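Residue numbers (this note's numbering): 97 to 492. Idealized CB from N, CA, C, for every residue including glycine. Here the structure is a predicted model, which is why all the values come from computation and not from measurement. Report on the structure given below.
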C-alpha cells in the first residue's frame, strides 16, 4: 500500500504544479483528490511521515483555493501529528504554514506567535534556509502592523544569513524589504542605499552568469515596474524588455540597449538615457520630462511622449514618429530630425540650433520662441512661415 500511496502523493504534486502554471481549478481539484487518497492509505498503514506530508499538501491546496479555515484544519492536524512523533522539522513546517494562513486571515498576532515558534525550532535543528524564510515571513507581519523596527530587525538578520550562505536570491528579497521599511520610516537615504545595493547585486550576478537581466532581477525579488527607479542600469542589454508603465524616474540607463523595448507609459522623468539605443522602442505616452537623451538613438515611435525640458542634443531622431509630442524647452541642438514627424508637437522655447530638419513634418507644431539658428534643410519659404509662427532664426 505504501508504494501506491507514495505514487499518489507524487501524482498530486505534479497536478498541483500544473495548477500553479495554468490556474486551472480542475488541476487543483485533482491534486486534492490524489492527496486525500494518499492520506487514507498512509493512515491505514500507520505511516506517520507520509501522513504528515499529505496533510501539509492538502493544507497548501485548500489555501490556494481560498478556503483558509480548511487549510488551517489540515495544518493543525499536521502539527499535532508531528508533535506526537517528535518530528521537529515537520513541526516547524506546520507552524510556519499556520502562521502564513493566519496572516492571510488578518490574525497577525497569531501569525507572529506561530512564526516565532517555528523560528525557535529551525534554529534548534540548524536549518538556515528555513530560518531565513521564517524571518522574511515574520518581518512581513510586523511590517503590516507598522511595527517597522521589528520588521527591520528580521530583514537584517535574514540578510546576514543570506550573505553567509551566499544566497543571492534571499539577499535580494531582504534588501527589497529593507528598502520598503526605510521608506515607511521616511529614511530616504537608507531606502536609496538599499535599492542601489539591490540593483548592484542583480548587475553583478547578471555579468557573472550572462542570464537574461529582467529574468534574473525577478528571481532576486525585483519588480521591474517599481524597483528600478534611480537604479544604475547603465550599459545593460534590455532588448525587447517589457517595461510598460514602469517607474524609471532618475534611473541611469546611459548606453543601455533598449531596442524594441516596450516603454509605453513609462515614467522616465529625469532618467539618464545618454547614448542609449531606443531604436524601434515603444515610447508611446512615455514621460521623459527632463531626461538626458543626448546622443541617444531615437529612431522610433513616440506619439504624445512628454519630452519637455529633455536634453536631446545630437540625438538621432531620423524618421522618428512624434505627433503631438511635448518638447517644451527641450534641447534638440545638433539633433538629426530629418524625415521625422513632429506634426502637432509643442516645440515652444525648444532649442533646435544646428538641428537637421530636412523633410521634417512641422505642420501644426507650436514653434513659439523655438530657436532654429543654423537649422539645416529648411527652404526660405519654410523659414519665413516658421518665423511667422514665432520661431527664432537669429540672435535678435
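### Query
Touching or not, the region 286–293 and the region 253–261, by the rule of three or more beta carbon pairs under 8 Å?
no
C-beta contact flag for residue 343 and residue 272 at 8 Å:
For the purposes of this step, residue 343 is identified with residue 247 of the chain shown, where counting begins at 1. For the purposes of this step, residue 272 is identified with residue 176 of the chain shown, where counting begins at 1. Cβ atoms of residue 343 and residue 272: not closer than 8 Å.
Original post:
How would you write the range of the alpha helix (DSSP H) that residue 115 sits in, first residue to last?
Top reply: Looking up residue 115 in the chain shown gives position 19. 98–118 is the span of the alpha helix (DSSP H), which, as asked, contains residue 115.
Report task. Identify, in the order they occur along the chain, each residue of the same chain with its Cβ nearer than 8 Å to the Cβ of residue 109, setting aside the five sequence neighbours on each side. Result -> Walking along the chain shown from the start, residue 109 turns up at place 13. Same-chain partners within the cutoff: 127, 153.
Requested in this report: Select from 101, 125, 168 the residue whose C-alpha is nearest the C-alpha of residue 143.
Outcome: Here the question's residue 143 lines up with position 47 in the chain shown. Comparing Cα positions, the closest option is 101.
- Task: For residue 468, name the three-state secondary structure that DSSP assigns.
- Result: Numbered from 1 along the chain shown, position 372 holds the residue referred to as residue 468. Note: residue 468 maps to coil in three-state DSSP.
Given a cut-off of 8 Å on the beta-carbon distance, is the pair residue 268 and residue 232 in contact?
The residue labelled residue 268 in the question sits at position 172 within the chain shown. The residue labelled residue 232 in the question sits at position 136 within the chain shown. Result no, Cβ atoms of residue 268 and residue 232 do not sit closer than 8 Å.
For this session: Check residue 318 in the structure and name its three-state DSSP category.
Result: Taking the chain shown and counting its residues from 1, the one referred to as residue 318 is at position 222. The answer is coil: DSSP assigns residue 318 none of H, G, I, E or B.
Which word fits residue 332, buried or exposed, when buried means at least 16 other C-beta atoms lie within 10 angstroms of its C-beta? What you label residue 332 is simply residue 236 of the chain shown in a count that begins at 1. Flag for residue 332 reads buried.
Item to complete: From the DSSP output, read off the bridge partner residues of residue 397.
Response: Here residue 397 corresponds to residue number 301 of the chain shown, with the count starting at 1. Bridge partners of residue 397: 378, 417.
For residue 336 and residue 397, I'd like the C-alpha separation in whole angstroms.
On the chain shown, position 240 is the one that residue 336 refers to. On the chain shown, position 301 is the one that residue 397 refers to. Straight-line Cα distance between these residues: approximately 15 Å.
Q) In three-state terms, what does DSSP make of residue 216? A) Here the question's residue 216 lines up with position 120 in the chain shown. Helix, per DSSP.
Can you tell me the Cα-Cα spacing of residue 131 and residue 105, whole angstroms? Along the chain shown, read from residue 1 onward, the residue named residue 131 stands at position 35. Along the chain shown, read from residue 1 onward, the residue named residue 105 stands at position 9. Answer to the nearest angstrom: the Cα atoms are 6 Å apart.
What does the alpha-carbon distance come out to for the pair residue 444 and residue 361?
Position 348 of the chain shown, counted from the start, is the residue given in the question as residue 444. Position 265 of the chain shown, counted from the start, is the residue given in the question as residue 361. The straight-line gap from Cα to Cα measures roughly 23 Å.
task: Return the residue from the list 316, 347, 479, 450 that minimises the CA-CA distance to residue 263.
output: Looking up residue 263 in the chain shown gives position 167. Taking only the C-alpha atoms, the option nearest residue 263 is 316.
Notebook entry, point to check: Under a three-way DSSP split, which group does residue 143 fall into?
Noted result: In the chain shown, counting from the first residue as 1, residue 143 sits at position 47. Residue 143 falls in the coil class under three-state DSSP.
Note to self: Out of 364, 371, 366, which one is the CA nearest neighbour of residue 352?
What the structure shows: As a position in the chain shown, residue 352 is number 256, starting the count at 1. Comparing Cα positions, the closest option is 371.
Query raised in the report: In or out: residue 490 buried (at least 16 other Cβ within 10 Å) or exposed?
Result: Along the chain shown, read from residue 1 onward, the residue named residue 490 stands at position 394. Result: exposed.
When you compare each of 388, 390, 394 to residue 378 by their alpha carbons, which one comes out closest?
Along the chain shown, one-based indexing puts residue 378 at 282. Out of 388, 390, 394, 394 has the C-alpha closest to the C-alpha of residue 378.
Close-in-space but distant-in-sequence residues of the same chain around residue 149 (CB under 7 Å, 5 per side omitted): Stepping through the chain shown from its first residue, residue 149 is reached at position 53. Same-chain partners within the cutoff: 105.
Q.
On the CB-based measure, 16 or more other CB atoms within 10 Å of its CB, does residue 187 come out buried or exposed?
A. The residue given as residue 187 occupies position 91 in the chain shown. That one is buried.
- Item | residue 474 to residue 349 span [Cα, whole Å] | For the purposes of this step, residue 474 is identified with residue 378 of the chain shown, where counting begins at 1. For the purposes of this step, residue 349 is identified with residue 253 of the chain shown, where counting begins at 1. Spanning the two alpha carbons is a distance of roughly 33 Å.
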